[in-house]
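Chemist: Input: one structure, supplied below.
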Amino acid sequence: MTSNPTRIDRLRIEWTVWAFEYRLINMPHRLRVAKRREMRADLRAAAADVGTAEALRQLGSLRQLAAEYLDAQYGEHGPRPTFWRGITWMVLLLPIMFALEDLGKWSFLDGVRAIPHATGVFHYTRLKFLGLDFTYTFADGRNIAPGWSLTVTSVELAYLLAAFLIGARTWRLLAPWRRWRLRRADAISDQ
Amino acid sequence: MTSTHDPQLLKGVLSLLLLRLLAERESYGYELVQRLREAGLAGISDGTVYPALARLEREGRVSTRLVASRSGPARKYYQPTGTGHTALAQGTASWLSLAEVVTPVLARPVPAQPAPPAKEA
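From first to last, the protein sequence lines are chains A and B.
According to the numbering used here, the first sequence is numbered sequentially starting from 1.
According to the numbering used here, the second sequence is numbered sequentially starting from 1001.
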């Protein structure tokens, strides 16, 4: 059977193709796009042959299909990039950076306050590695121009990005170690 | 006739079948599904074949090229590489050698009752 797909058929195929790509989120972007395009071409060919409903049915569960694609790409037990691990590393780093910032800032302010009748402009530059530089103006032991704001500096953003990349991509560094562990497990089971 | 095949058994030889079909004729994913169905694997799903092709590609056993299609987006055609041809030859020899042993055993008539154990000499 050969049929011309209707607009609804095309929409169903597009929905399936994008839902499939979403499930490949752990795959590098270039590969993911290639898989999506291939899936679209194959689904359209199948839909023209057996109808859209049957073509989609023959595809089976998208979750399972995506899992099999990932297994095919990285091996069944092989390490693979994990988007969510990258996010986790980022989320964990954020409070650490804020804590460092607060700790440094408040320690500095306590130090200034310890000076009797502190007056003048005080710079705190020890947090430059986070892109932070604070200036406080004291008059008679009182901070009259609090030098803080609720912003994330570009340096902090760079750290967050690095945390994401390390979290999501450390699998490449760990791959030789995992292969060694698998080989050792095989050797033990062979004995 | 629609026959079903053990997916686990099929999994072991699917890549061999794909390599063989591709050695005969360059094809795109859905075309290969059709060819497998025509060959007798009527129940095989698209979702089984596509990841197997992806695996062959990752292993360097097939290469691909995009060919424009009149009826839709460009199609990805697969063909075996040199490594693929070698794997096909080795896999075919291995399969035939195994079948040579397995088939006669399985083809023997099954008795109604298993015979008692052979007496020790």
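The beta-carbon is built from N, C-alpha and C at its ideal position, and this holds for glycine as well.
How about D1006 (chain B): is its C-beta nearer than 9 Å to some C-beta of chain A?
Modeler: No, because no Cβ of chain A sits closer than 9 Å to the Cβ of D1006 (chain B).
Chemist: Measure the CB-CB distance between D140 (chain A) and H117 (chain A) and report whether it falls below 9 Å.
Modeler: yes
Chemist: Could you confirm whether any beta carbon from chain A is found closer than 9 Å to the beta carbon of K1076 (chain B)?
Modeler: Yes - at least one Cβ of chain A is within 9 Å of the one on K1076 (chain B).
Chemist: Can we say the stretch 94-111 of chain A touches the stretch 66-82 of chain A, given the rule of at least three CB pairs closer than 8 Å?
Modeler: no
Chemist: Answer with yes or no whether the minimum CB distance from R32 (chain A) to chain B is below 9 Å.
Modeler: no
Chemist: Between the Cα of G1043 (chain B) and the Cα atoms of B:R1020, B:Y1030, B:H1005, B:A1099, which residue gives the shortest distance?
Modeler: B:H1005
Chemist: Taking the alpha-carbon of W18 (chain A) as reference, which of A:R7, A:I8, A:R37, A:R184 has the nearest alpha-carbon?
Modeler: A:R37
Chemist: Going by C-alpha to C-alpha distance, which of A:G167, A:N4, A:A99, A:F164 sits closest to S1071 (chain B)?
Modeler: That would be A:N4, whose Cα lies nearest to the Cα of S1071 (chain B).
Chemist: Kindly list, in the order they appear in chain A, the residues whose Cβ is closer than 9 Å to that of G1047 (chain B).
Modeler: By Cβ distance, chain A contributes Q58, L59, G60, S61, L62, Q64, L65, E68.
Chemist: Apply the 10 Å Cβ neighbour rule to E54 (chain A) and answer buried if 16 or more other Cβ atoms are within range, or exposed otherwise.
Modeler: E54 (chain A) comes out exposed.
Chemist: Pull up the distance between the alpha-carbon of D133 (chain A) and that of N26 (chain A), whole angstroms please.
Modeler: 37 Å
Chemist: Buried or exposed, going by whether 16 or more other CB atoms sit within 10 Å of the CB of D9 (chain A)?
Modeler: buried
Chemist: Mind checking if M39 (chain A) is an interface residue toward chain B, Cβ cutoff 9 Å exclusive?
Modeler: yes
Chemist: Does the beta carbon of V1033 (chain B) sit closer than 9 Å to a beta carbon anywhere in chain A?
Modeler: yes
Chemist: G1029 (chain B) to A41 (chain A), Cα distance in whole Å?
Modeler: Distance between the alpha carbons of G1029 (chain B) and A41 (chain A) is about 9 Å.
Chemist: Quick one: Cα of A68 (chain A) to Cα of K1011 (chain B), how far?
Modeler: Before going further, note that residue 68 (chain A) is Glu rather than Ala in the sequence given. Their backbone Cα atoms lie some 12 Å apart in a straight line.
Chemist: Tell me, please, whether the CB atom of R1070 (chain B) is closer than 9 Å to any CB atom in chain A?
Modeler: no
Chemist: Find the nearest neighbour of L1088 (chain B) within the set B:A1023, B:P1051, B:P1007, judged by alpha-carbon distance.
Modeler: B:A1023
Chemist: Start and end of the beta strand (DSSP E) containing I96 (chain A)?
Modeler: Per DSSP, I96 (chain A) belongs to no beta strand (DSSP E); it is in the alpha helix (DSSP H), 83-113.
Chemist: Grab the span of the beta strand (DSSP E) containing S61 (chain A) for me, first residue to last.
Modeler: Boundaries for S61 (chain A): no beta strand (DSSP E) harbours it, and the DSSP string shows neither H nor E there.
Chemist: Using a Cβ-Cβ cut-off of 7 Å (strictly less than) and excluding sequence neighbours within five positions of A46 (chain A), which residues of its own chain qualify?
Modeler: A55, Q58
Chemist: Under the rule that 16 or more other beta-carbon atoms within 10 Å means buried, what is P979 (chain B), buried or exposed?
Modeler: It is not possible to answer for residue 979 (chain B), since the shown part of chain B is limited to 1001 through 1121.
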